[in-house]
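The block underneath contains the structure these notes are about, expressed in structure tokens.
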Amino acid sequence: MALDSPKDLSLSRTAMKAELLDAETERQLAYAWRDHRDEAALHRLITAYMRLAISMAAKFKRYGAPMNDLIQEAGLGLMKAADKFDPDRGVRFSTYAVWWIKASIQDYVMRNWSMVRTGSTSSQKSLFFNMRRVQARLEREAFSRGEELDRHQMRQAISMEIGVPIHDVEMMEGRLSGSDFSLNATQSSEDEGREWIDTLEDDRSQAAEIVADQHDRKALRSWLTDAVSRLNEREQFIIRERKLREPVRTLESLGIELGLSKERVRQLEAAALKKMRKQLEAESEEVQDLLL
Numbered sequence: 001m002a003l004d005s006p007k008d009l010s011l012s013r014t015a016m017k018a019e020l021l022d023a024e025t026e027r028q029l030a031y032a033w034r035d036h037r038d039e040a041a042l043h044r045l046i047t048a049y050m051r052l053a054i055s056m057a058a059k060f061k062r063y064g065a066p067m068n069d070l071i072q073e074a075g076l077g078l079m080k081a082a083d084k085f086d087p088d089r090g091v092r093f094s095t096y097a098v099w100w101i102k103a104s105i106q107d108y109v110m111r112n113w114s115m116v117r118t119g120s121t122s123s124q125k126s127l128f129f130n131m132r133r134v135q136a137r138l139e140r141e142a143f144s145r146g147e148e149l150d151r152h153q154m155r156q157a158i159s160m161e162i163g164v165p166i167h168d169v170e171m172m173e174g175r176l177s178g179s180d181f182s183l184n185a186t187q188s189s190e191d192e193g194r195e196w197i198d199t200l201e202d203d204r205s206q207a208a209e210i211v212a213d214q215h216d217r218k219a220l221r222s223w224l225t226d227a228v229s230r231l232n233e234r235e236q237f238i239i240r241e242r243k244l245r246e247p248v249r250t251l252e253s254l255g256i257e258l259g260l261s262k263e264r265v266r267q268l269e270a271a272a273l274k275k276m277r278k279q280l281e282a283e284s285e286e287v288q289d290l291l292l
């Protein structure tokens, strides 16, 4: 793992010296942070897995970002993972944290690569980080078969391999192959100094968009209210305390109040969310992923 500076090396050495947590210690630290906001437990948990964050950050050096910045973003992802981790689910923290660390680094890389070249959808993100690698592998495989893929065939193959629409592949090709230029640059000498920024459309919400957004929000509130109303009284109480209030109630505190175990409360919450999701899916496909 190549690092950029003495500071990076120092961070790496410190991380490598951190303790290795067994499953039970890790779980107790997670409980201490989630239920009691014990900052010492959080610091110990994050320090133990900083080596994981640094290792993942090093894999993104090829995108040209400073290693120190990548490590900082990886650390932010690690902290987000610690804040959202639920030890009751029986998953190791390292397994859970990998997704948050990777997402944080990828978002940073895409924000800083180029505002014009990249996008923000899951399809565009998948293309940005995988297209060149997949294309190189497809070219090697075609060469070994004595074949040569033309541009259209290559786009189709990439589309199928990554699982994205072919027009997204075409768009990402253009973004990655083009160069950036200043929006304050003049269009041409004939335009009397007119800048490219003057041609941009106002991206503020228009009246029609505002009305449509208000309509959608009203419909969504109605669907949610209806979905909650179909739950029994205990399920409504659990959903309200776990999803609709700040700060969120813990499974343990709800279990004490209801005279149930934490696991039973978790099961009731999962069942209630499943009922709500089923009701929401019946209303509209657009909200089927609303409840995570």
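If you're matching positions, the sequence shown starts at 1 in UniProt numbering and goes up one per residue.
Using N, Cα and C, we set each Cβ at its ideal position, and we do this for glycine too.
Same chain only: Cβ atoms within 6 Å of residue i, ignoring 5 sequence neighbours per side
i, result
"LEU21", "ALA48"
"ALA227", "MET276, GLN279 and LEU280"
"TRP100", "GLY77, LYS80 and ALA81"
"GLU263", "none"
"TRP33", "ALA41 and LEU42"
"THR250", "ASP35"
"LYS274", "none"
"VAL265", "LEU251, LEU254 and GLY255"
"ALA142", "LEU149"
Distance CB(residue i)-CB(residue j) smaller than 8 Å
i, j, result
"GLU139", "ARG155", "no"
"ILE239", "ALA270", "no"
"LEU268", "GLU235", "yes"
"LEU52", "SER94", "yes"
"LEU149", "ALA136", "no"
"PHE60", "VAL98", "no"
Sequence-distant residues of its chain with Cβ nearer than 8 Å to residue i (five each side left out)
i, result
"ARG27", "PRO87"
"ASN130", "ILE162"
"SER179", "Because SER179 carries a pLDDT of 49, less than 50, the predicted location of this residue cannot be relied on, and the following value inherits that uncertainty. Same-chain partners within the cutoff: there are none."
"ALA23", "ARG92"
Inter-residue CB distance, residue i and residue j (contact presumed, cutoff 8 Å)
i, j, result
"ALA74", "SER104", "7 Å"
"LEU254", "GLU241", "6 Å"
"MET50", "ALA18", "6 Å"
With 16 other Cβ atoms within 10 Å as the buried cut-off, status of residue i
i, result
"ILE46", "buried"
"LEU231", "buried"
"ASP168", "buried"
"ILE256", "exposed"
"VAL91", "exposed"
"THR225", "exposed"
"ARG133", "exposed"
"VAL248", "exposed"
Cβ-based neighbour list, residue i, same chain, cut-off 7 Å, excluding 5 preceding and 5 following
i, result
"ILE166", "ARG155, GLN156 and SER159"
"PHE85", "ALA30, PHE93 and TYR96"
"ASP107", "none"
(request) Just list the alpha helix (DSSP H) runs in the stretch 207–271, keeping only unbroken ones of 4 residues or longer that don't cross its boundaries, in chain order. (result) 207–229, 233–243 and 251–258
(request) Scan the stretch 52–103 and note each continuous alpha helix (DSSP H) run of 4 residues or more that stays entirely inside, going in chain order. (result) 67–84
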